[in-house]
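Heads up, the thing below is written out as structure tokens.
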Amino acid sequence: HPMRCSFVMNTLVKTGGAWLVSPSLAAVRRMSVAGFATSSSSSSVPNWEGGVSMVQGASRGIGLEFVRQLLENNKKGHVVATCRNPKEATSLINLKNSFSERLFIQKLDVTDETTIEESAESVRERYGSLNLLINATGILSIPGVLQPETTLNKVEKSSLMLAYEVNAVGPILVMKHMWPLLKAGGGNGTEREVAVVANLSARVGSIGDNKLGGWHSYRASKTALNQLTKNVSVELGRRKDPVVCILLHPGTVDTDLSRPFQRNVPEGKLFTKEYSVQKLLHIINNAKKQDNGKFFAWDGQEIPW
């Protein structure tokens, strides 16, 4: 079944059901040498001018818009876009036609760790490193399967487990397997001093900000994502790896998936994908070591845990 995800309620609407990774590894064995320069160190990895970014969950919505803006704003940077069904990702394929040399599309399913491992291996073979990882996948509702719970009576174990698997476990497993690539890349080829992991969370995942209740599965899964990301940030900081981990709330974004929930959005608080991603990329591009482990809203303000 196609996974759908929308987040709203003065919170965020996030994209969709695309979860990502690579075609056959054989297809990636040919590593292009044009576009990168290696350092004199024999142990160095390729230093790609403009950097290499991965957007996980890139077939539509916010994830797709991240891919588009990364390619259009950085004329030399490369983007790895992952989703569950690349052959059906029409908009992503159209972007590939325009950026054939700089966009690499992979199959990746966050509920299947094997595909995550295969993706990491193909990125290692093709690029050798990563400078940015954006985890954009998430689910709030799936018709006939998962709906935001408005009361405790509607909570079901299957909904809790599915939301946790997709919204919390999946992104952390992607971080686990991309970590060596991010550590190798750091800020090389970019204007940052560090590599960045940006996990798309939601304000409703904040315990301190929870005044309305409801949405048990979604809220709890995003709270779990926040804690897991914070945990990883502490570990990477202790290791002094050139990687920072941040959590981002994109606001309530106007997508097809958000429309069933938009009636409760205050005037002026329903953002276009273009606006939200522009704001989030500003935060990402200006991330510093001291931002490691922080939770930011689209406007750069920190959100309480």
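Under my numbering, the residue at position 226 of the sequence shown is numbered 234, and the numbers go up by one with no gaps.
Ideal Cβ positions, reconstructed from N, Cα and C, are used throughout, including at glycine.
A residue is called buried when at least 16 other Cβ atoms come within 10 angstroms of its Cβ; T159 does not meet this threshold and is exposed.
For R110, the closest of L78, G197, N175 by C-alpha to C-alpha distance is L78. Cβ neighbours of S67 within its own chain (closer than 6 Å, five residues either side excluded): A26, C91, A97, L100.
With distances taken between CA atoms, T260 lies nearest to I70 out of G221, V60, N81, I70. With contact defined as three or more Cβ pairs closer than 8 Å, the stretch 183 to 198 and the stretch 220 to 232 are not in contact.
In the structure shown, the three-state DSSP call for S209 is coil.
The beta carbon of W306 lies closer than 7 Å to those of H257, P258, G259, S284, K287, L288 in the same chain, with the five residues before and after it left out.
Restricting attention to beta strand (DSSP E) runs no shorter than 3 residues, the stretch 53 to 133 encloses them at 60 to 64, 86 to 91, 111 to 115, ordered along the chain. If you draw a straight line from the Cα of E125 to the Cα of P94, it comes to about 17 Å. The residue among V75, I180, P151 with its C-alpha nearest the C-alpha of D120 is I180. Taking the C-beta atoms as reference points, V75 is found no nearer than 8 Å to V60. Distances from the CA of G58 to each of R134, K238, K83 were compared; the closest alpha carbon is that of K83. Contact annotation: A203 and G194 have beta-carbon atoms nearer than 8 Å. Around the beta carbon of V163, fewer than 16 other beta carbons sit within 10 angstroms, so the residue counts as exposed. C-alpha of L208 to C-alpha of G146: approximately 8 Å in a straight line. Excluding sequence positions up to five before and after V242, its CB lies within less than 8 Å of the CB of G301, all in the same chain and listed in chain order. Of G85, A128, T122, K115, the smallest CA-CA separation from F107 is found for G85. DSSP places A305 inside the beta strand (DSSP E), whose first and last residues are 303 to 305.
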